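Trainee: Here it is: the structure, laid out below.
Numbering (the numbering used here), first residue to last: 509 to 1346.
This is how it looks when you write it as C-alpha cells:
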C-alpha cells in the first residue's frame, strides 16, 4: 500500500518519513497538512487499514455546506507522516512547505464504514482542533482520458457549519508548533524564529518569500496556548423589567434564556463558573467546564446563561433544576446543558466594561469563533425587537432582553438593559406550607412572600407545578427549616393549618396576575433558585420601556433639507438618519478612538477640511482626550462614545469619520494596522482586487489574519487587528518593511513610495496610516464623494464579485444592516493576534 509513496521520494534528500505500514495505536486519527507545493492545497488524511488515505483539497476544507471542494486522491501515506512538518526540498516530489494544520479523530457515521471508500463515498465525522462535525467525500465520474481520481469534499449542515471560508482564512498557524508558513519555510536549520530576523534581514526574508510565492494563493491564526491568571468575579449587569419592547435601531435584542446566570472565568485549562452572586459552582457544571477547557481561551471573563432543554426543545428552568438535583458526571442527552455567552467583560487583562454593548459583543464573537455546542454565542438582532419578541412568545419561550447598543457594562441594574417577558414570572420566598389531605402529597401548597419596605409581605399560595420528585425534595428541605412563628403578617384564615419555615428558600413562580390584595393568581411552581439569597427577592414592577431615540432627538439636526451630495441629492437630514441607523455597526470600530473628521458645512462640493481638535463647539456628546504632541505639549483630540456623539458631529457638517489605530484609554498602544491600496489612475479595479488578495496571502504566510474593506473611493483597505503590547515605532516599522518587501519583490505592480511620479501603472501600498497620529477611514463611514458612498467591510470571498470600491451609499441602510448580520461577516475586524517580533 505504501510502494507508490516510497517510489516517489528520495529519502536521502527529503526529511519525510520512509513508508512503513504499522499501527501507531492512535485510534482513528485524521490530520490536515497545509502544503505549499506547485500549488497551495490542504492534504486531508484519514487513518484506514494502517495507512493514511489521502486527498489533496485544492482550496482547503470549507465549513460552508454550499461549498463543494475538489479533493484529488493521492497515494497512501505512512502513519508516521501524521506529525511531519517542514520543508520538502525543491525538485523533490511535492517540494515546498508543509504545515500540520489540523489533527484529531474521525469516525464513519452510524451504519457506514471505511469500506465505503471502495464504492466512491464516505460519510464521516471529525473531531479536530479546526474541522468539526459531519463531512462527505464523493468520488466523481472520471472523464475520458482523465488519470487522476477526483473527489468532492463537502461539509454537512450541522451545528458546526459556518457560512464563508473562515477556516482557511483565519486559521494560519500550525497546530503542532504554532508557526506560520513563513516561519516553517525559513526554518532550514530547524531552529527558525521570526524574532531572529531584524532590520534588513527581515525585509530580505520577506522579499524572498514574496518572490517565491508571487503567483500563489494563501489564507489566518490559531490562538497559541493560553496561560495566565483567572479573572476575578465581578457583579453582573441586571435588566429592568419593562412593559414593552424598546423601539429603534439604538437597541440590540437577545433571547431571554430560562436558566442560571453565570460568569465564566477562563484561562486555558483553568475555568471557574460563578453564579450571579459570586458563588463558585464550577463542580456543578463539570461537563461544560470540560468544553470550555478544550477551547484553550486566553484569560477572559464571559457573561452568559446556563440552560437545560425541556421536551419541546426550549430552555426550561424546571429541567435545569432536575439536572442539578441528579448531578451529571457525563453529558448525556437527558442531562445535556448548554452555555449561551452574551457578553465579554475582560480579555487578557484588559477591562472591556467601558466599551459599548455592541463592541463587547463583537469582541466576544471573535473570541468564540471556534466554539461549538454546547458552548454558544447568543445571537442578537438590531431593531426589530417586537418581531423577535413575538417569535419567542409564539415558541413558548420566556421573552427577550434588550440592550442599548452604546451603553457600557455597569455591573448593576439599569435601564440600559431591559427585559420583556411573555408570561409573568417572579421570584418569591417560601415562608411555609399547608398540609395536604392526600397521602401522596406531603403538602398541599406553599406560602409565598417578597421583601417590601424592609419586611416580608405575604403574596399568596401556590399549589401546582410539583412533580413527585419535587414534592419529596421540597418536603425534605422545609422539614429542616421549621419554625414556630410566621415570618410575615397573615390574617387568621390564611394562617390556619400552616407549618412555618425560615425564609431561606427562593422559588421561581409563573402566574397569571396579581389580585387586588396583592396575591398571585393561578401560580405554578417552576423550581428553586440556589443562585439568589432570599433577602434580595423583591417585587418586579414593569416600567415603561425607555426611549433610546429621545437622546438622539436631543441632538438637533438643523437644515435637514440642505443638499450635501449634489450629484445624487442626499441631504444633511438623510446623512444624519444614516448615521443614527448604522451606529451599531460603526461604533465597535470608531467609539473611544481619537478621530479626525472630514467636515463639509456647505456640502461635499464646497470647501471641506479635516478637523481633529475642538474648543467645545461640538457640545457635550463629543468628548476630548489630551494627547502629547511632537513638541512636548499636548492638545485635546476628539472622540465619541455613542450614536448621539456621531450625530453631534454631523450637525457640525461632518461627512467622514477617520480613526487612530489606538484607543483613548491608551493612545500609545496601537491595535489596528491598515494597508490602503491606492491605484494609479490608469489601473482598473481588477488589479486592486488581485493586489488585496495577494497582500492577504502574504500576511497569512506570517500568521496574520486580515480583513477586506471597500474604501468607498478607489481602493481597498486590508485591515489587520492586533493585540496591544507593542510601540508605535514597531507598528510603523513592521508595516513599512512589509510594504517595501512587496514592492521590491514585484516592482512592476507595487510601490511603497507615496510620490505620484512613482505610481505610474502601480498600486501604492499606503502603510503611512500606521504611524502615530495618522488615521484611516472607519468602517461604515460615509465618504465626501459623488453619490454619498460608504466604506464597507466585506468577506474575502465577496471581493471578486465587486466591480468597484463604492457599491453602497447612505441610501442602502437596510441592506447594510442585513449584510452586517450575515455569518460571512461574523467576527469581521477582530482577531486575537500579536504583531510578530522582528
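Using N, Cα and C, we set each Cβ at its ideal position, and we do this for glycine too. Note that the structure is a prediction, hence the values are computed from the model and not measured.
1) Measuring alpha carbon to alpha carbon, tell me which residue in 663, 818, 1053 is nearest residue 755.
2) In chain order, what residues of the same chain lie with their CB nearer than 7 Å to the CB of residue 518, ignoring the 5 residues before and after it?
3) Using the C-alpha atoms, what's the distance from residue 582 back to residue 574?
4) Tell me whether the stretch 1013-1023 and the stretch 892-903 touch, counting them as touching only if at least three CB pairs, one residue from each stretch, are closer than 8 Å.
5) May I ask which residues mark the beginning and end of the alpha helix (DSSP H) holding residue 893?
6) What residues in its chain sit with their C-beta under 7 Å from that of residue 672, if we drop five residues either side in the sequence?
7) Within the stretch 544-604, note down every full beta strand (DSSP E) run reaching 3 residues or more, in order along the chain.
8) In this structure, how does DSSP classify residue 986 when only helix, strand and coil are distinguished?
9) Can you list, in chain order, the stretches of the alpha helix (DSSP H) that have 4 or more residues and sit fully within the stretch 671-699?
10) Quick check: the Cα distance between residue 459 and residue 859, rounded to an integer number of angstroms?
11) My guess is that residue 1270 and residue 1259 are in contact by the Cβ rule of under 8 Å, so how many angstroms apart are they, rounded?
12) Check residue 1086 in the structure and name its three-state DSSP category.
13) Report the rounded CA-to-CA distance for residue 786 versus residue 1130, giving the unit in angstroms.
14) Please work out which residues of its chain come closer than 6 Å, Cβ to Cβ, to residue 1010, disregarding the five sequence neighbours upstream and downstream, and give them in chain order.
15) What residues in its chain sit with their C-beta under 8 Å from that of residue 803, if we drop five residues either side in the sequence?
16) Going by C-alpha to C-alpha distance, which of 1164, 1257, 1181, 999 sits closest to residue 1171?
17) Assess contact between the stretch 638-648 and the stretch 660-678, defined as three or more Cβ pairs (one per stretch) separated by less than 8 Å. Is contact present?
18) With a CB to CB cut of under 8 Å and the five nearest residues on each side skipped, what residues in its chain are close to residue 1048?
19) Ignoring anything shorter than 3 residues, give me the beta strand (DSSP E) runs that lie fully in the stretch 788-850, in order along the chain.
20) Suppose you measure from the CA of residue 521 to the CA of residue 602; what does that come to, to the nearest Å?
21) Can you tell me whether residue 697 is buried or exposed, with buried defined as 16 or more other CB within 10 angstroms of its CB?
22) Helix, strand or coil: how does DSSP classify residue 1314 here?
23) Along the chain, where does the beta strand (DSSP E) containing residue 1347 start, and where does it finish?
24) What do you get for residue 546, buried or exposed, if any count of 16 or more other CB atoms within 10 angstroms of its CB means buried?
25) Give every residue of the same chain whose Cβ lies closer than 6 Å to the Cβ of residue 864, excluding the five residues on either side of it in the sequence, and list them in chain order.
26) Below 7 Å, is the gap between the Cβ of residue 1225 and the nearest heavy atom of the ligand HEM?
27) Give a yes or no on whether the C-beta atoms belonging to residue 753 and residue 906 are separated by under 8 Å.
28) Quick one: which unbroken beta strand (DSSP E) runs of 3-plus residues sit fully inside the stretch 1164-1210? Chain order, please.
29) Between which two residues does the beta strand (DSSP E) harbouring residue 925 extend?
30) Confirm, please, whether the CB-CB distance from residue 784 to residue 551 is below 8 Å.
31) Taking the alpha carbon of residue 595 as the point to measure from, which residue in 563, 614, 690 has its own alpha carbon closest?
32) Is the separation between the beta-carbon of residue 613 and that of residue 538 shorter than 8 Å?
33) Can you give the Cα-Cα distance for residue 651 and residue 687, rounded to whole angstroms?
34) Secondary structure at residue 1159, three-state DSSP: helix, strand or coil?
35) Any idea if residue 706 is buried or exposed, counting beta-carbon neighbours within 10 angstroms, 16 or more meaning buried?
36) Return helix, strand or coil for residue 1224, following the three-state DSSP convention.
Mentor: On the basis of the supplied data:
1) As a working mapping, residue 755 is identified with position 247 in the chain shown. Of the candidates 663, 818, 1053, the one whose C-alpha sits nearest the C-alpha of residue 755 is 1053.
2) By one-based count along the chain shown, residue 518 stands at place 10. Excluding residues within five positions, the ones whose Cβ falls inside 7 Å are 600.
3) Position 66 of the chain shown holds residue 574. Position 74 of the chain shown holds residue 582. Distance between the alpha carbons of residue 574 and residue 582 is about 25 Å.
4) no
5) Position 385 of the chain shown holds residue 893. Run containing residue 893: 893-902, per the alpha helix (DSSP H) assignment.
6) Reading the chain shown from its first residue, position 164 is the one you call residue 672. The residues are 572, 1303, 1305, 1331, 1332.
7) 548-556, 559-565, 576-585, 594-596
8) Sequence index remark: in the chain shown, residue 986 carries index 478 (1-based). Of the three classes helix, strand and coil, the one that applies to residue 986 here is helix, per DSSP.
9) 674-678, 689-694
10) Residue 459 lies beyond the residue range present for the chain, which begins at 509 and ends at 1346; the question has no answer from this structure.
11) On the chain shown, position 762 is the one that residue 1270 refers to. On the chain shown, position 751 is the one that residue 1259 refers to. Indeed they touch by this definition, with Cβ atoms about 5 Å apart.
12) For the purposes of this step, residue 1086 is identified with residue 578 of the chain shown, where counting begins at 1. DSSP places residue 1086 in helix when its eight states are reduced to three.
13) Residue numbering aside, residue 786 sits at position 278 when the chain shown is read from its first letter. Residue numbering aside, residue 1130 sits at position 622 when the chain shown is read from its first letter. Rounded to whole angstroms, residue 786 to residue 1130 spans 37 Å at the Cα level.
14) Here residue 1010 refers to the residue found at position 502 when the chain shown is read from its first residue. Within the same chain, residue 1010 has close Cβ partners 989, 991.
15) By one-based count along the chain shown, residue 803 stands at place 295. Once the five neighbours on either side are set aside, the close Cβ partners of residue 803 are 774, 876, 878, 879, 883.
16) Sequence index remark: in the chain shown, residue 1171 carries index 663 (1-based). Selected option, being the one with the closest Cα: 1181.
17) yes
18) Your numbering for residue 1048 matches position 540 in the chain shown. The residues are 749, 934.
19) 808-816
20) As a first step, residue 521 must be located in the chain shown, where it is residue number 13. As a first step, residue 602 must be located in the chain shown, where it is residue number 94. In a straight line, the C-alpha of residue 521 is about 12 Å away from that of residue 602.
21) Taking the first residue of the chain shown as 1, we reach residue 697 at position 189. Its pLDDT being 48, under 50, residue 697 is placed unreliably by the model, and the measurement read from it follows with that caveat. So residue 697 ends up on the exposed side.
22) Locating residue 1314 in the chain shown gives position 806, counting from the first residue. Residue 1314 falls in the coil class under three-state DSSP.
23) Given a span of 509 to 1346 for the chain in the structure shown, any question on residue 1347 remains unanswerable.
24) Position 38 of the chain shown holds residue 546. Exposed, by the Cβ-count rule.
25) Reading the chain shown from its first residue, position 356 is the one you call residue 864. Closer than 6 Å at the Cβ level, and outside the excluded window around residue 864, lie 914, 1095, 1099.
26) The ligand HEM is not among the ligands present in this structure, which contains no ligands whatsoever.
27) As a first step, residue 753 is located in the chain shown; it is residue number 245 there, counting from the start. As a first step, residue 906 is located in the chain shown; it is residue number 398 there, counting from the start. Not in contact: residue 753 and residue 906 (Cβ atoms no closer than 8 Å).
28) 1180-1187
29) Your numbering for residue 925 matches position 417 in the chain shown. Element bounds for residue 925: 921-929.
30) By 1-based counting over the chain shown, the position of residue 551 is 43. By 1-based counting over the chain shown, the position of residue 784 is 276. Their beta carbons are not under 8 Å apart, which means residue 551 does not touch residue 784 by this criterion.
31) Locating residue 595 in the chain shown gives position 87, where the first residue counts as 1. Residue 595 has its Cα closest to that of 690, out of 563, 614, 690.
32) Here residue 613 refers to the residue found at position 105 when the chain shown is read from its first residue. Here residue 538 refers to the residue found at position 30 when the chain shown is read from its first residue. Closer than 8 Å, so yes.
33) Sequence index remark: in the chain shown, residue 651 carries index 143 (1-based). Sequence index remark: in the chain shown, residue 687 carries index 179 (1-based). Looking at the two C-alpha atoms, the distance is approximately 40 Å.
34) Numbered from its first residue, the chain shown carries residue 1159 at position 651. Residue state, collapsed to three classes: helix.
35) Mapped onto the chain shown, residue 706 falls at position 198. Summary for residue 706: the model assigns pLDDT 48, below 50, so the residue's position carries little reliability, and this model does not support an answer.
36) Taking the first residue of the chain shown as position 1, residue 1224 is located at position 716. DSSP places residue 1224 in strand when its eight states are reduced to three.
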